[in-house]
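Take 112 as the starting number for the first sequence in the numbering used here and just add one per residue.
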Amino acid sequence: MPRFKRPTGTQDILPQEQPYWHHVVQTAERLALRYGYGRLDTPIFEETALFARGVGGATDIVEKEMYSFKDKGGHDLTLRPEFTAGVVRAYIENGMQKLPKPVKLYSIGPIFRYERPQAGRFRQFHQFNAEILGVADPLADLETMLLAWDLYEHLEFGGLSFQLNSTGCPTCRPGYIEALVAHYRAHYDQICDDCKRRLETNPLRVLDCKKAQCQPVIASAPRITEHLCDDCRLHFQTLRGYLDTLGKPYTINPRLVRGLDYYTKTVFEVWAEGIGAQAAVCGGGRYDGLVELLGGPPTPAVGFAAGIERVVMVMKAQGVAVPPLPAPTFFIAWLEKSARPLAVRLLVELRAADLGVQMAMGGSLRSQLRQANRRGARFVLIVGGDELARGEVACKNLLDGGQESFPLENLAERLRRLEAGG
RNA sequence: GUGGGCGUGGCCUAAUGGUUAAGGCUCCUGACUGUGGCUCAGGCAACUGUGGGUUCGAGUCCCACCGUCCACCCCA
């Protein structure tokens, strides 16, 4: 029988990894709630058409990265390749436009994209996602960015760089793309083959080409920030004004663009060093046209997603300490078979008193103590014939080796004090 | 989809083309029949990723496939 293996690009998140995950998720969730976001859980799969429409048919995600399938009822479904489309669908379907604005929603869960795995890239990965719907003012952009900032500050990250740009809107972006394409046509013999292709499919993408030969052409290319319409320019200036007032460091990156069609105005990413080529730990921006595109009322919106795997990679690369998960302090060892009923009763009673207790499932006393030690218990309660006769249990402290006897009366109370360090 | 590196017990590593694939870690047991950690002894555990080929003989050389890692593409 061949052994089963996990599918390419998926991971088992083992117990020793969980402290990192728990810390990230708990920190993100605590901050989101403090900021006034409500948690929204949407299905892991949606109608394929939702993503095709919402993410954009010309994007790589829709063209080649979706996990799509037909269920037994013949419905075309897709494992979500991002959160936003599903969140917007839920917003419309549940009538959230009737809620007081802004509507602030966060989500946490798995995301699926069929890609070749590499450092920091997986086929199933996890995102923390936050969206603000119903507010056009740059204050919403700011609020979104502040949450991202706060998250990384609470995780005690250093060396992050916040990249900011405006990608314009349907009013000004076509004009900019025209100017960009014209510039590239004028230097057509100097650019790489990939960029020649991008020029046809997704012209904005030429801006983040990494080939050396393209760098001079990029450097001399027109900048979108100089082609913004009045509305977009004012929006961008206002947002920058807020950030400057708060003293938040950021880098204006005219080459920062998005592969998803629905972005307008603000785009931002957070980059980390030391985790490989996939440095973006967080990406987001404004998408004022999406709600309407998906059949809802015209609704401005802004949001971001952070990749939890990449955040965990940064924590490890930077040696960030994470609190350990709670583990049982007490371990019950027993001797004669006659002591087992008492041991089992103790186990249940102490747990009912909210203490963390495990019990040996077998083995000699030596073996049981070894088990206790390996499992990280601090105290071992030894239940044997001698103790039984006296109505006591022995309690051995594994840290200093000391041992004393406790009567069964008020045992839970006594152990609680012991655990607290008394 | 494209390119490159790498595949030996659960993990790490060894084995000039030549017996029965070796060691360390982990795990289990015992020395210590009612006391963990340290030490010592022993034990469990691998058809060397899969399938072909070369050879008297392949973990080792060749080919293909698969997996994995890294990079491109693109993104979290």
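Just so it is clear, CB atoms sit at the ideal spot from N, CA and C, and this is done for glycine as well.
Give me the residue from Lys215, Asp355 and Pro228 with the minimum Cα distance to Leu142.
When each option's Cα is compared against that of Leu142, the closest is Lys215.
According to DSSP, simplified to helix, strand and coil, what is Pro130?
helix
Helix, strand or coil: how does DSSP classify Gly217 here?
The sequence shown places Tyr at residue 217, not Gly. Looking at Tyr217 - three-state DSSP - the assignment turns out to be strand.
If Cys325 and Ile302 are in contact, beta carbons under 8 Å, what's the gap, nearest whole angstrom?
So it is a contact: roughly 5 Å between Cβ atoms.
Enumerate in chain order the residues of its own chain whose CB-to-CB distance from Glu524 is below 6 Å, with the five nearest sequence positions on each side excluded.
Counting only Cβ-Cβ distances below 6 Å, and skipping sequence neighbours, we find nothing.
What residues are listed by DSSP as bridge partners for Glu158?
DSSP links Glu158 through a beta bridge to Leu188.
Nearest to Thr440 by alpha carbon, out of Leu405, Arg528 and Ala390?
Of Leu405, Arg528 and Ala390, the residue nearest in Cα terms is Arg528.
Cα separation between Tyr131 and Gln514?
35 Å
Element boundaries [alpha helix (DSSP H), containing Arg200]:
Under the DSSP assignment, Arg200 falls in the alpha helix (DSSP H) whose first and last residues are Thr195 to Glu204.
Residue of Arg296, Lys322 and Asp300 minimising C-alpha distance to Glu311:
Arg296
Cβ pair Pro374, Gly165 closer than 9 Å
According to the sequence provided, residue 374 is Tyr. The question's Pro does not apply to it. No, the Cβ-Cβ distance between Tyr374 and Gly165 is not below 9 Å.
Any idea if His134 is buried or exposed, counting beta-carbon neighbours within 10 angstroms, 16 or more meaning buried?
buried
Which residues in the same chain have their Cβ closer than 7 Å to the Cβ of Val246, if we skip the five residues on either side of it in sequence?
Lys212, Pro213 and Pro411
Excluding the 5 residues flanking Gln389 on each side, which residues of the same chain have their C-beta closer than 8 Å to its C-beta?
Gln229, Ala230, Gly231, Arg232 and Arg421
Go through the segment 374-444 residue by residue and report every complete run of the alpha helix (DSSP H) that reaches 4 residues or more, in order.
401-404 and 419-429
When the Cα of Leu405 is compared with those of Arg316, Gln238 and Arg200, which residue comes out closest?
Arg200
Among Cys283, Leu275, Phe415 and Tyr398, which has the Cα closest to the Cα of Pro360?
Leu275
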